[in-house]
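Colleague:
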Amino acid sequence: MIVPLFIKRVTVLSAVLSAIAFLFLSVYYQFPFALAFLLGGLWSSLNLLAVTFMVQHLLRTGPIDWTTALASIFIKLPLLYGAGFFLVTWDFLPKLGLVAGFSIVFAVIILKGLGRMLLKLDEKEANMISGEAFRV
158 MIVPLFIKRV TVLSAVLSAI AFLFLSVYYQ FPFALAFLLG GLWSSLNLLA VTFMVQHLLR
218 TGPIDWTTAL ASIFIKLPLL YGAGFFLVTW DFLPKLGLVA GFSIVFAVII LKGLGRMLLK
278 LDEKEANMIS GEAFRV
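Numbering (this note's numbering) for the sequence shown: 158 to 293.
(1) Pick from ILE230, PRO189 and PRO220: whose alpha carbon is nearest that of ALA207?
(2) Could you tell me the boundaries of the alpha helix (DSSP H) in which PRO189 lies?
(3) Which first and last residues belong to the alpha helix (DSSP H) in which TRP223 is found?
(4) For the putative contact between LEU199 and SER183, defined by C-beta atoms under 8 Å, what is the C-beta separation to the nearest angstrom?
(5) How would you write the range of the alpha helix (DSSP H) that LYS269 sits in, first residue to last?
(6) Whole angstroms is fine: what's the gap from LYS269's alpha carbon to VAL169's?
(7) Quick one, are the C-beta atoms of ALA191 and PHE179 less than 8 Å apart?
(8) Cutting at 6 Å between CB atoms, please list the residues of its own chain near ALA257, excluding the five before and the five after it.
(9) When you compare the CB positions of LEU237 and LEU244, do they come within less than 8 Å of one another, or not?
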């Protein structure tokens, strides 16, 4: 399955932003908080990719490949949520850093949406499709 371009951009940008924030937070704040932020951001990005993969395999118009769909569910739930449970229960990581890292994907989605709205990119694309941009 092909990952939609918006989801791919959000996950990559979230992972890169988490890594950059990790560098700054580890130098200027505390290493455990920075590590919690990085791991929370990476976990959230992987979770978004896994949910996208599951939705694409389970909600389709054609026949559903049940082996792939069920395998993705049984891989996602124990591994990803098990890792998330480990992160939350690990006493070395501050919980505030994890929450901030978990929410980085939502912040990126909101900022990308606001950017499209303020720059009116959807209207420009509609004008390019309809040909109004080339009329004199």
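For every residue, glycine included, the Cβ atom is placed at its ideal position computed from N, Cα and C.
Modeller: This is what the structure holds:
(1) Taking the first residue of the sequence shown as position 1, residue 207 is located at position 50. Comparing Cα-Cα distances from ALA207 to each of ILE230, PRO189 and PRO220, the minimum goes to ILE230.
(2) Residue 189 sits at position 32 when you count from the first residue of the sequence shown. Here the alpha helix (DSSP H) through PRO189 covers 188-215.
(3) Stepping through the sequence shown from its first residue, residue 223 is reached at position 66. 223-232 is the span of the alpha helix (DSSP H), which, as asked, contains TRP223.
(4) What you label residue 199 is simply residue 42 of the sequence shown in a count that begins at 1. What you label residue 183 is simply residue 26 of the sequence shown in a count that begins at 1. That pair is no contact at about 15 Å.
(5) Looking up residue 269 in the sequence shown gives position 112. It spans 261-276 - the alpha helix (DSSP H) in which LYS269 sits, taken as one unbroken run.
(6) The count along the sequence shown starts at 1 and reaches residue 269 at position 112. The count along the sequence shown starts at 1 and reaches residue 169 at position 12. Their Cα atoms are separated by approximately 13 Å.
(7) Here residue 191 is taken as the residue at index 34 of the sequence shown, counted from 1. Here residue 179 is taken as the residue at index 22 of the sequence shown, counted from 1. Yes, they are a contact pair.
(8) Locating residue 257 in the sequence shown gives position 100, where the first residue counts as 1. Answer for ALA257: PHE194, listed in chain order.
(9) Numbered from its first residue, the sequence shown carries residue 237 at position 80. Numbered from its first residue, the sequence shown carries residue 244 at position 87. Against a cut-off of 8 Å, the Cβ pair of LEU244 and LEU237 comes out as no contact.
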